[in-house]
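*Asks:*
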Amino acid sequence: MMDSFKYRETTLDGHNKTGNGLKPSLLLALWMLFLVSCTSGEKPVVQNQHTGGAFGTSYNIIYQSGEALDFQKEIDSVFNAVNKSMSTYIPDSDISKINAGDSTVVVDAMFKEVFELSKAVHRITKGYFDPTVGVLVNAWGFGPGAQIAMDSVQVDSLLRYVGFDKVRLLESGRIAKEHPNIYFDFNAIAKGYAIDRLARMMDTKGIENYLLEVGGELVAKGTNKVKKKPWVVGVDDPQVEQGRSLKLLLNLTDRALASSGNYRKFRVDAESGKKYVHTVDPKTGFTKNANTLAATVLATNCATADAYATAFMAMDLDEALKFLSEQSTMDAYIIYLEDGETKEFMTEGFRDLVVK
35 MMDSFKYRET TLDGHNKTGN GLKPSLLLAL WMLFLVSCTS GEKPVVQNQH
85 TGGAFGTSYN IIYQSGEALD FQKEIDSVFN AVNKSMSTYI PDSDISKINA
135 GDSTVVVDAM FKEVFELSKA VHRITKGYFD PTVGVLVNAW GFGPGAQIAM
185 DSVQVDSLLR YVGFDKVRLL ESGRIAKEHP NIYFDFNAIA KGYAIDRLAR
235 MMDTKGIENY LLEVGGELVA KGTNKVKKKP WVVGVDDPQV EQGRSLKLLL
285 NLTDRALASS GNYRKFRVDA ESGKKYVHTV DPKTGFTKNA NTLAATVLAT
335 NCATADAYAT AFMAMDLDEA LKFLSEQSTM DAYIIYLEDG ETKEFMTEGF
385 RDLVVK
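Numbering (this note's numbering), first residue to last: 35 to 390.
#1: Let me make sure I understand the geometry here. Which of Asp-315, Asp-271, His-156 and Thr-257 has the alpha-carbon closest to that of Val-171?
#2: So, does the segment 233-251 touch the segment 189-198, judging by three or more C-beta pairs under 8 Å?
#3: Counting only the same chain and skipping the five closest in sequence on each side, list residues whose C-beta sits under 6 Å from that of Asn-222.
#4: Go ahead and pull the three-state DSSP assignment for Thr-73.
#5: Looking only at its own chain, which residues have a Cβ that is under 8 Å from the Cβ of Phe-145, when we skip the five neighbours before and after it?
#6: Using CA atoms only, rank isn't needed, just tell me which of Asp-340, Lys-259, Arg-157 and Lys-211 is closest to Val-139.
#7: Using beta-carbon positions only, say whether Phe-218 and Gly-168 come within less than 8 Å of one another.
#8: Around the Cβ of Glu-360, are there at least 16 other Cβ atoms within 10 angstroms (buried) or fewer (exposed)?
#9: Tell me the DSSP bridge mates of Ser-211?
#10: Going by DSSP in three states, Tyr-227 sits in which element: helix, strand or coil?
#11: Does Glu-257 come out as helix, strand or coil in the three-state DSSP assignment?
#12: Roughly how many whole angstroms lie between the Cα atoms of Pro-78 and Gly-135?
#13: So the candidates are Gln-83, Asp-199 and Leu-327; which of them puts its Cα closest to the Cα of Glu-372?
#14: Compute the distance between the beta-carbons of Leu-280 and Asp-270, then report whether it is under 8 Å.
#15: Assuming Ser-422 contacts Ala-329 under a Cβ cut-off of 8 Å, what Cβ separation, rounded to an integer in Å, is found between them?
#16: Cys-336 and Ile-229 - do their beta-carbons sit closer together than 8 Å?
#17: Roughly how many angstroms lie between the CA atoms of Ala-348 and Val-389, to the nearest whole one?
#18: Could you tell me if Glu-251 is buried or exposed, where buried requires 16 or more neighbouring beta carbons within 10 angstroms of its beta carbon?
#19: Have a look at Lys-200 and Met-364 and give me their C-alpha separation to the nearest angstrom.
#20: Grab me the residues of Thr-166's own chain with a C-beta within less than 8 Å of its C-beta, minus the 5 sequence neighbours each way, in chain order.
#21: What is the DSSP secondary structure of Tyr-123, counted as helix, strand or coil?
#22: DSSP puts Met-235 in a beta bridge; with which residues?
#23: For Glu-378, count neighbouring C-beta atoms within 10 Å of its own C-beta (all shown protein chains included) and say buried if the count is 16 or more, exposed if not.
#24: Which residue from Pro-178, Glu-147, Leu-358 and Leu-286 puts its Cα closest to that of Gly-226?
#25: What did DSSP end up calling Ile-129 once you bin it into helix, strand or coil?
#26: What do you get for His-213, buried or exposed, if any count of 16 or more other CB atoms within 10 angstroms of its CB means buried?
Here it is in structure tokens:
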């Protein structure tokens, strides 16, 4: 949830028009303001904003420039292109065709980028990030496929179709699978990737200051020229299941942020009353109802942040903390339970960005 998105669309042009009948004192005050604005060298700032729905969630896009602009068509084009390539909820998307067994599909550049990044994160996290976990996501009732009754025998049988080392991207642009039942699910990275594509679009348009958010994941570039400070964004409190409450605020500049948690995406079995969370451990095949409540990651791009936030939720807490202690390419914030108490872990770089 973005604190910055409470801003109204604003134009600061540094000038004020005067009308007939104004008192001399008011005219003088306005004239002095005009002189200060002109001599300060500040350029006018127009805040352009778009809100709507995409990927089953909402988006809020702010970009500032020296004039009023409307990139709605370009924004829609990015969402449509990503959906056509990687949405498992669209039957004729490339990924849906591949999942259905069509080996003739030649994937586009976006699919290739997400595939290669997924392959890298899968390797670095030792398999905790794995987009071939889709067959299990469906079986547990969190995907577009059919939910089935799950037990240890059923889980073991489905694990045969999980493993990113069982798929290959061929030079021809086609996907090779060791077994036709392998099911791709890029939902844990595609939303972040879509935001990165929006950022690329803004960059090509020459926009230097923007905040792009889709479903709580975002990319911030430059600063908020209207507020004359860094972009301020919020991190949700994972222990508030109804409505939304912020755990903390961050000053963000030239970074991407993504969060993953089980506090909103879960289901309760009607017969047993057992709670099943949406995070599936690709190594065990079972849903990961662990003591980690949420993971928020800061990285140079949102697809990377998205993937690692998912991986940290699949890992045991001690594994995630060990992983973060051994690298310096990203920052993270993990909220977890220990002996019934809520505790937090922050990397030093993350802590430095918290609004005091």
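Positions of the beta carbon are idealized from the N, C-alpha and C atoms, including for glycine. As the structure is a prediction and not an experimental result, all values here were calculated from the model.
*Replies:* To lay it out plainly:
#1: What you label residue 171 is simply residue 137 of the sequence shown in a count that begins at 1. Comparing Cα-Cα distances from Val-171 to each of Asp-315, Asp-271, His-156 and Thr-257, the minimum goes to Asp-315.
#2: no
#3: Counting from 1 along the sequence shown, the entry for residue 222 is found at position 188. Checking the sequence shown, residue 222 turns out to be Ala, not Asn. So the list reads Thr-344, once near-sequence residues are dropped.
#4: The residue given as residue 73 occupies position 39 in the sequence shown. Residue confidence for Thr-73 is low, a pLDDT of 41 falling below 50, so the modelled location carries little weight; the figure read from the coordinates is stated next. DSSP places Thr-73 in helix when its eight states are reduced to three.
#5: Numbered from 1 along the sequence shown, position 111 holds the residue referred to as residue 145. Within the same chain, Phe-145 has close Cβ partners Ser-119, Met-120, Asp-128 and Ile-129.
#6: For the purposes of this step, residue 139 is taken as the residue at position 105 of the sequence shown. Nearest C-alpha to Val-139: Lys-211.
#7: Translated into positions along the sequence shown, residue 218 becomes position 184. Translated into positions along the sequence shown, residue 168 becomes position 134. Contact: yes.
#8: Residue numbering aside, residue 360 sits at position 326 when the sequence shown is read from its first letter. Exposed.
#9: On the sequence shown, residue 211 is found 177 positions in, with the first residue counted as 1. Correcting the residue identity first, residue 211 is Lys in this sequence and not Ser. Partner(s): Val-201.
#10: Taking the first residue of the sequence shown as 1, we reach residue 227 at position 193. DSSP places Tyr-227 in helix when its eight states are reduced to three.
#11: Taking the first residue of the sequence shown as 1, we reach residue 257 at position 223. The question names Glu, but residue 257 is Thr in the sequence shown. Thr-257: coil per DSSP, three-state reduction.
#12: By 1-based counting over the sequence shown, the position of residue 78 is 44. By 1-based counting over the sequence shown, the position of residue 135 is 101. One C-alpha to the other measures close to 54 Å.
#13: The sequence position of residue 372 within the sequence shown is 338, counting from 1. It is Leu-327 whose Cα lies nearest to the Cα of Glu-372.
#14: Here residue 280 refers to the residue found at position 246 when the sequence shown is read from its first residue. Here residue 270 refers to the residue found at position 236 when the sequence shown is read from its first residue. Yes, they are a contact pair.
#15: A query on residue 422 cannot be resolved here, the shown segment of the chain reaching from 35 to 390 and no further.
#16: What you label residue 229 is simply residue 195 of the sequence shown in a count that begins at 1. What you label residue 336 is simply residue 302 of the sequence shown in a count that begins at 1. A contact, by the Cβ cut-off of 8 Å.
#17: For this step, residue 348 is matched to residue 314 along the sequence shown. For this step, residue 389 is matched to residue 355 along the sequence shown. Ala-348 and Val-389: Cα-Cα distance of roughly 29 Å.
#18: Sequence index remark: in the sequence shown, residue 251 carries index 217 (1-based). With 16 or more other Cβ atoms within 10 Å, it is buried.
#19: Along the sequence shown, one-based indexing puts residue 200 at 166. Along the sequence shown, one-based indexing puts residue 364 at 330. Each residue's alpha carbon lies about 28 Å from the other.
#20: Position 132 of the sequence shown, counted from the start, is the residue given in the question as residue 166. The answer, listed in chain order, is Tyr-195, Val-196, Gly-197, Phe-198, Lys-200, Val-201, Ile-216, Tyr-217, Phe-218, Asp-219 and Pro-316.
#21: For this step, residue 123 is matched to residue 89 along the sequence shown. Tyr-123: coil per DSSP, three-state reduction.
#22: Taking the first residue of the sequence shown as position 1, residue 235 is located at position 201. In the DSSP output, where bridge partners are listed per residue, Met-235 has none listed.
#23: As a position in the sequence shown, residue 378 is number 344, starting the count at 1. When all chains shown are included, Glu-378 counts as exposed.
#24: Taking the sequence shown and counting its residues from 1, the one referred to as residue 226 is at position 192. Among Pro-178, Glu-147, Leu-358 and Leu-286, the Cα nearest to that of Gly-226 belongs to Glu-147.
#25: The count along the sequence shown starts at 1 and reaches residue 129 at position 95. Ile-129 falls in the helix class under three-state DSSP.
#26: As a working mapping, residue 213 is identified with position 179 in the sequence shown. His-213 should be labelled exposed.
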